[in-house]
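Numbering (our numbering), first residue to last: 155 to 389.
Built from N, CA and C at the ideal position, the CB exists for glycine as well.
These numbers come from a predicted model, not from an experiment.
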Ligand SMILES: [Zn+2]
């Protein structure tokens, strides 16, 4: 994939995440590892919204979290990305956002229960990062987030947000949206009196397999990309 094609994927992901309400002003960020140079990644710039990423302001960083190119400023929480890329060689995209329902569930310290389709996507584990409420502004804190994440798809950062990963930006983006939906459904369920009868773990595992097939992420990313383009055209 050419670099401009990769940058366009980052721009598309930004529009999708903004439309999904994941922006939290300018504080969310998304990155993609370079396929031909796994020690570098491109990332949304600081001070801009998810829907304001351009070919020019995208930041190029290395695995030490240093900016080595691009027009924008780097996010101080770049270490969430660099340390996860160091720890997980198969991961090529990282998203960090402060989605409302994920933050709310994280404040309860409850585990995410497999009681909806989006929640089942995380049936292989949704750990917590409890070390700090602060911004992840050091390599040490970033390493802590990567360690808490382990080999899972996402980690809830208590009272702060979430870090979500994928083998590509399509997977990370769709999982970020599914995570917030899953948390919203669980909070609504608890508010309505609590969880009722559950399906067996075998049934949950089968659905987990079906719902996390790689093509599912691409199909849904493409749908949301087309929808973002229609929204921009009509505004
Ligand atoms: Zn944050």
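- Of all C-beta pairs linking the region 254-264 to the region 286-295, fewer than three are shorter than 8 Å, placing the two stretches out of contact.
- Of the candidates 343, 370, 249, 249 places its Cα closest to the Cα of residue 171.
- Within its own chain, the residues whose Cβ lies closer than 8 Å to the Cβ of residue 306, once the five positions on either side in sequence are excluded, are 276, 278, 279, 280, 281, listed in chain order.
- Contiguous alpha helix (DSSP H) elements confined to the region 233-300 occur at 254-262, 271-274, taking only those with 4 or more residues.
- Residue 268 places its beta carbon 8 Å or farther from that of residue 334.
- DSSP places residue 386 inside the alpha helix (DSSP H), whose first and last residues are 368-388.
- Remark: C-beta atoms of residue 319 and residue 308 approach each other more closely than 8 Å.
- Three or more Cβ pairs closer than 8 Å define a contact, and the region 369-381 meets that threshold against the region 325-334.
- Apart from the 5 residues on each side of it in sequence, residue 297 sits with its Cβ closer than 6 Å to the Cβ of 237 in its chain, given in chain order.
- The C-beta distance from residue 203 to residue 225 rounds to 16 Å, too long to meet the 8 Å contact threshold.
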